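A.B. asks: Protein chains in written order, with this note's numbering: chain Z, 1 to 64; chain P, 1 to 29.
Virtual Cβ for every residue (Gly too), placed ideally from N, Cα, C.
Predicted model, so just to flag it, every value in this text is computed and none were measured.
Questions regarding the structure given below will be posed in turn.
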């Protein structure tokens with residue numbers, strides 16, 4: 001039950017092979033058509049639902 | 001991996017918390 005935006009953000013996070021996860025900056029670069037606000041809104045939802053988590057700091061994310 | 005043991009520990013703890021949260025959300029329906 002993801003929206004299109006949530007799905008895009010989640011799939012990018014899921015596909016990142018880095019141990020520290022994907023950086024906020026990379027999400028913004030890959031999703032140029034979304035605003036920073038849109039991306040942060042998606043991240044909040046995904047974290048709240050337990051689909052993703054922050055890693056080494058609040059700007060890196062991995063999927064569960 | 002270029003992560004320190006402390007960073008690896010933090011990531012694993014955050015992962016476990018997220019998994020618990022996911023289970024909680026699924027249980028709520």
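Nearest to residue 10/P by CA position, among 22/Z, 57/Z, 31/Z, is which residue?
C.D. replies: For this step, residue 10/P is matched to residue 10 along the second chain. Answer by Cα proximity: 57/Z.
A.B. asks: Rounded to whole angstroms, how far is the Cβ of residue 13/Z from the Cβ of residue 54/Z, which I believe are closer than 8 angstroms?
C.D. replies: The residue you call residue 13/Z lines up with position 13 of the first chain. The residue you call residue 54/Z lines up with position 54 of the first chain. Actually they are not in contact, since the Cβ atoms of residue 13/Z and residue 54/Z sit about 11 angstroms apart, beyond 8 angstroms.
A.B. asks: Counting only Cβ-Cβ distances shorter than 9 angstroms, please list the residues of the segment 38-52 of chain Z near chain P, keeping chain order.
C.D. replies: Legend: CB atoms of the segment 38-52 of chain Z lying less than 9 angstroms from CB atoms of chain P belong to residues 47, 48, 49, 50, 51, 52.
A.B. asks: Can you give me the start and stop residues for the beta strand (DSSP E) that residue 62/Z sits inside?
C.D. replies: The residue labelled residue 62/Z in the question sits at position 62 within the first chain. Looking at the DSSP string, the run of the beta strand (DSSP E) that includes residue 62/Z is 60-63.
A.B. asks: Using DSSP's beta-bridge definition, name the partner residues of residue 53/Z.
C.D. replies: On the first chain, position 53 is the one that residue 53/Z refers to. Paired residues: 62/Z.
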